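Trainee: Residue numbers (the numbering used here): 179 to 304. Beta carbons: idealized from backbone N, C-alpha and C, even for Gly. Keep in mind it's a predicted model, so treat the numbers as computed, not measured. Have a look at this one.
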């Protein structure tokens with residue numbers, strides 16, 4: 179990466195991904211531990227989102243561009259697919275995931291974040 183991720187907008191991006199990694203991990207852990215039988219698909223998707231956010235936080239912080247790029251793409255596809263499915267077939271998602279409704283429960287940040295991540299990675303390509 180040309181510009182270090184540890185400064186400027188890159189630092190903010192890493193911090194936001196870190197917060198989302200913690201939030202999604204905590205949410206998924208509580209959901210899986212206490213109510214897994216109510217909505218297993220939704221809760222497993224929340225856990226997947228948490229893993230993606232953890233990978234992105236670490237990859238961006240370490241400057242691992244390819245890993246970060248792949249994780250951003252997985253995140254974007256996940257948000258778009260889960261968001262669309264959760265709106266099209268709400269019965270399949272009786273409880274919300276991080277990516278349900280394109281991240282509506284998180285003020286659509288899960289939809290915007292991978293776009294910003296991809297932009298940052300493109301802008302700072304070596």
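Using DSSP with H/G/I as helix, E/B as strand and the rest coil, what is residue 277?
Mentor: coil
Trainee: Is the beta carbon of residue 202 less than 8 Å from the beta carbon of residue 227?
Mentor: Contact: yes.
Trainee: Report the residue from 197, 278, 273 and 208 whose alpha carbon sits nearest the alpha carbon of residue 254.
Mentor: 278
Trainee: Tell me which residues share the same chain as residue 250 and place their Cβ nearer than 6 Å to its Cβ, disregarding the 5 neighbours each side in the sequence.
Mentor: 292, 295 and 296.
Trainee: Beta-carbon separation of residue 234 and residue 260 under 8 Å?
Mentor: It is not a contact, given that the beta carbons lie outside the stated cut-off.
Trainee: With a floor of 4 residues, list each alpha helix (DSSP H) that falls wholly inside the stretch 193-271, ordered by position along the chain.
Mentor: 218-240 and 243-266
Trainee: For the putative contact between residue 286 and residue 220, defined by C-beta atoms under 8 Å, what is the C-beta separation to the nearest angstrom?
Mentor: Contact between residue 286 and residue 220 does not hold, since the beta-carbon distance rounds to 18 Å and is not under 8 Å.
Trainee: Restricting to Cα atoms, I'd like to know which of 298, 187, 303 and 192 is closest to residue 240.
Mentor: 192
Trainee: Under DSSP, the alpha helix (DSSP H) around residue 294 begins and ends at which residues?
Mentor: 287-301
Trainee: Just to confirm, are residue 195 and residue 231 a CB contact at a threshold of 8 Å?
Mentor: yes
Trainee: Using alpha carbons as the reference points, say which of 216, 282 and 237 lies closest to residue 269.
Mentor: 216
Trainee: Ordered along the chain, which non-local residues of its own chain (more than five positions away) have a Cβ less than 7 Å from that of residue 237?
Mentor: The residues are 245, 246 and 249.
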